[in-house]
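Data block below; observations after.
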Amino acid sequence: MNRFLQPIAIIFWKDILLELRSKDIIISAAVFGFLVVIVFNFALNVTPRLVTQLAPGILWVAFAFAGTLAMNRSFVREKEQGGLEGLLLTPVSRDAIFLGKALVSFLFMLIVEAALLPVFAVMLGFSAFSFMLILTIVLATLGFATVGTLFSAIAVQTRSREIMLPVLFFPIILPVIIGAVEASSQAIGGDGGAGIGKWLPLIGVFDALFLVICPWVFSFVVEE
Amino acid sequence: MATVDRVKQPLLSFSNALVVLGAALMLVDVYLIFMVAPTDAVLGNIQRVFYFHVPMAIMSFLAFFVVFIASILYLIKRDQKWDRLAHAAAEVGVVFVTLALITGIIWARPVWGVWWTWEPRLTTTLILWLIYVAYLMIRAYAPNRTQGALYAAVVGIVGFVDVPIVYYSVQWWRSIHPSAVVGPLAESGALEPVMQGILLFSFLAFLVLFLYLVVERMALRGLEDQVRLLKFSLHRTGR
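So the protein sequences, as listed, match chains A and B. Yeah, the first sequence ends on 224 if you go by the numbering used here, and it's all consecutive. Yeah, the second sequence ends on 463 if you go by the numbering used here, and it's all consecutive.
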């Protein structure tokens with residue numbers, strides 16, 4: 001295999017193996033995301049008339065909260081066992097470590113979202129099987145995982161690590177949340193993706209920009 | 225034993241010159257704003273807050289641009305002076321953006337009828353405030369100063385790159401959710417030449433204030449670093 005891709009694949013597989021054995025990230029994030037929806041249902045009193053207005057917002061708040069939880073766990077795990085030091089000692093470029101971790105977070109979040117989406121669709125009463133909705137989720141989750149991996153690597157080193165990730169993450173990720181909510185609202189509302197046109201490119205530009213910047217600055221975050 | 229330079233304070237230092245110049249400009253500025261500037265025909269006296277609000281907002285943007293440049297230079301060159309500059313500019317910038325938000329809220333209530341509206345510029349400024357508050361938090365919560373400087377530099381770069389995207393997304397979002405609150409934007413209208421002149425003067429006064437605060441904060445950071453070094457060497461000698 002390619003010399004650049006191989007370390008990424010190994011890091012990716014390591015985290016999947018860990019998750020297969022412990023199962024603590026995906027299940028806890030999914031349960032948490034489910035709880036967010038339940039709480040919102042009571043807080044906002046979602047009636048069928050309001051569902052197209054409220055469902056996208058609830059969906060993305062649940063995904064964003066569950067995502068921060070999952071990404072935080074992913075680095076806390078490395079920190080507790082000194083795994084990050086081990087990774088840094090291996091003759092692997094920092095970019096590969098970043099991309100491997102980001103790819104794992106991307107996959108875990110997608111699994112959590114794939115589990116939650118049908119449940120939400122049933123409970124809130126909208127159709128989940130729209131190509132545009134799924135495309136929006138994949139693109140937005142890519143942005144979440146890229147920025148989230150960088151900030152969880154920082155947050156895990158600080159005191160009060162649980163609070164630092166959301167404090168850093170949410171202001172930066174705001175354009176993706178706005179874009180994802182608007183695009184999902186178009187997809188669920190069913191006016192055929194007429195208004196979706198500018199939101200997906202916005203999320204795409206965000207993803208591309210931060211896929212370039214984050215690996216570069218990540219090398220400074222982990223050095224010591 | 226470690227020797228540390230005594231703090232020299234010559235009478236004609238750069239920062240002393242700035243404080244004298246800044247105080248003089250600020251006094252004249254306040255006089256111009258309250259005594260010379262004409263009262264706005266539509267908005268009344270509240271319009272005068274604009275001579276404080278706009279310069280402070282622009283100075284905070286300038287501050288965050290300085291943070292961005294200094295952060296890149298710090299990551300590349302690892303010279304402490306760039307970290308000091310970024311730290312000082314970020315703190316001063318947060319103070320200015322906070323004041324710009326507060327003066328904006330004071331202005332919005334009588335003119336727009338609401339304290340706050342999710343207009344693109346307001347929203348972007350609020351997000352800017354959040355990003356740089358997080359910047360200062362990460363410095364404070366980092367395990368040590370070196371790591372704090374690195375993390376802060378990363379946030380300074382990522383945060384600044386993010387600002388234009390936040391602005392565009394909020395603008396598009398607003399165009400989808402039109403709000404009932406439509407107010408006359410004072411800065412978009414044609415300004416009287418007198419008002420324009422006073423605004424420019426106000427910019428100059430706040431620019432000098434900004435420079436003074438950054439220079440003083442950098443000097444203070446330098447002293448803090450020296451104190452830390454002294455404490456460290458005292459520990460080492462076991463006293």
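Note that the Cβ used here is the ideal one computed from N, Cα and C, for glycine as well.
For residue i, list the residues DSSP reports as bridge partners.
i	result
G268 (chain B)	B:D264
Check the Cβ of residue i against every Cβ in chain B and list those closer than 7 angstroms, keeping chain order.
i	result
F206 (chain A)	I389
V217 (chain A)	V378, I381 and V382
L209 (chain A)	V385
Would you kindly report the start and end of the unbroken alpha helix (DSSP H) that includes residue i?
i	result
I137 (chain A)	F131 to A155
W216 (chain A)	W199 to V222
S184 (chain A)	R161 to G189
G317 (chain B)	Q304 to W336
K23 (chain A)	Element bounds for K23 (chain A): n/a, residue is neither H nor E.
S105 (chain A)	R94 to F120
E78 (chain A)	V51 to E80
G86 (chain A)	G83 to L89
A366 (chain B)	Note, A366 (chain B): premise wrong, no alpha helix (DSSP H); not H, not E.
V418 (chain B)	P417 to T461
G246 (chain B)	F238 to Y255
S284 (chain B)	F274 to K301
Quick one: list the residues of chain A neighbouring residue i, beta-carbon separation under 8 angstroms, in chain order.
i	result
M361 (chain B)	M164 and V167
I351 (chain B)	P171 and L174
I355 (chain B)	P171 and I172
What residues from chain B crowd round residue i, counting only those whose CB sits closer than 9 angstroms?
i	result
F220 (chain A)	L299, L374, Y375, A377 and V378
E85 (chain A)	Within chain B, no residue comes near E85 (chain A); the closest Cβ sits about 14 angstroms away, beyond 9 angstroms.
I178 (chain A)	V390, S393, V394, W396 and W397
L69 (chain A)	What L69 (chain A) touches in chain B: nothing, since even the nearest Cβ is about 19 angstroms away.
L202 (chain A)	I389, Y392, S393 and W396
I213 (chain A)	I381, V382 and V385
Give the residues of chain B in contact with residue i, contact being defined as C-beta atoms less than 8 angstroms apart.
i	result
K198 (chain A)	W396
Strictly below 7 angstroms CB to CB, what residues from chain A border residue i?
i	result
A358 (chain B)	V167, L168 and P171
So residue i contacts chain A; which residues on that side make the cut at Cβ distance below 9 angstroms?
i	result
P367 (chain B)	Q157, T158 and R159
Measuring from the CB of residue i, is there a heavy atom of the ligand FMN at a distance below 8 angstroms?
i	result
I270 (chain B)	Within the structure as shown, the ligand FMN is missing, as the structure has no ligands at all.
Is there a Cβ of chain E sitting closer than 9 angstroms to that of residue i, yes or no?
i	result
E80 (chain A)	The chain labelled as chain E is not found among the protein chains of the depicted structure, namely A and B.
Stretch pair the region 84 to 92 of chain A + the region 160 to 177 of chain A: three plus CB contacts closer than 8 angstroms: no
Members of the region 143 to 168 of chain A near chain B, C-beta cut-off 8 angstroms: V147, L150, I154, Q157, T158, R159, S160, M164, V167 and L168
Within 8 angstroms of chain A by C-beta, residues of the region 372 to 398 of chain B in sequence order: L374, Y375, A377, V378, V379, I381, V382, G383, V385, D386, I389, V390, Y392, S393, V394, W396 and W397
contact_flag[the region 143 to 150 of chain A, the region 126 to 134 of chain A] where n(CB pairs < 8 angstroms) is 3 or more: no
The region 430 to 446 of chain B touching the region 257 to 273 of chain B, judged by at least three CB pairs closer than 8 angstroms: no
Cβ pair count under 8 angstroms reaching 3, the region 308 to 315 of chain B against the region 284 to 294 of chain B: yes
Given 8 angstroms, three or more beta-carbon pairs between the region 200 to 211 of chain A and the region 67 to 87 of chain A: no
contact_flag[the region 352 to 370 of chain B, the region 154 to 165 of chain A] where n(CB pairs < 8 angstroms) is 3 or more: yes
Segment contact, 8 angstroms Cβ cut-off, at least three pairs: the region 92 to 103 of chain A with the region 9 to 19 of chain A: yes
Validate contact between the region 171 to 187 of chain A and the region 346 to 362 of chain B using beta carbons, cut 8 angstroms, 3 pairs: yes
Meets three-Cβ-pair contact criterion under 8 angstroms: the region 331 to 340 of chain B and the region 105 to 122 of chain A: no
Stretch pair the region 266 to 276 of chain B + the region 448 to 457 of chain B: three plus CB contacts closer than 8 angstroms: no
Stretch pair the region 47 to 56 of chain A + the region 104 to 113 of chain A: three plus CB contacts closer than 8 angstroms: no
Inter-stretch contact (C-beta, 8 angstroms, three-pair minimum) for the region 341 to 348 of chain B and the region 382 to 402 of chain B: yes
Stretch-stretch touch, CB-based, cutoff 8 angstroms, three pairs: the region 317 to 327 of chain B with the region 377 to 385 of chain B: no
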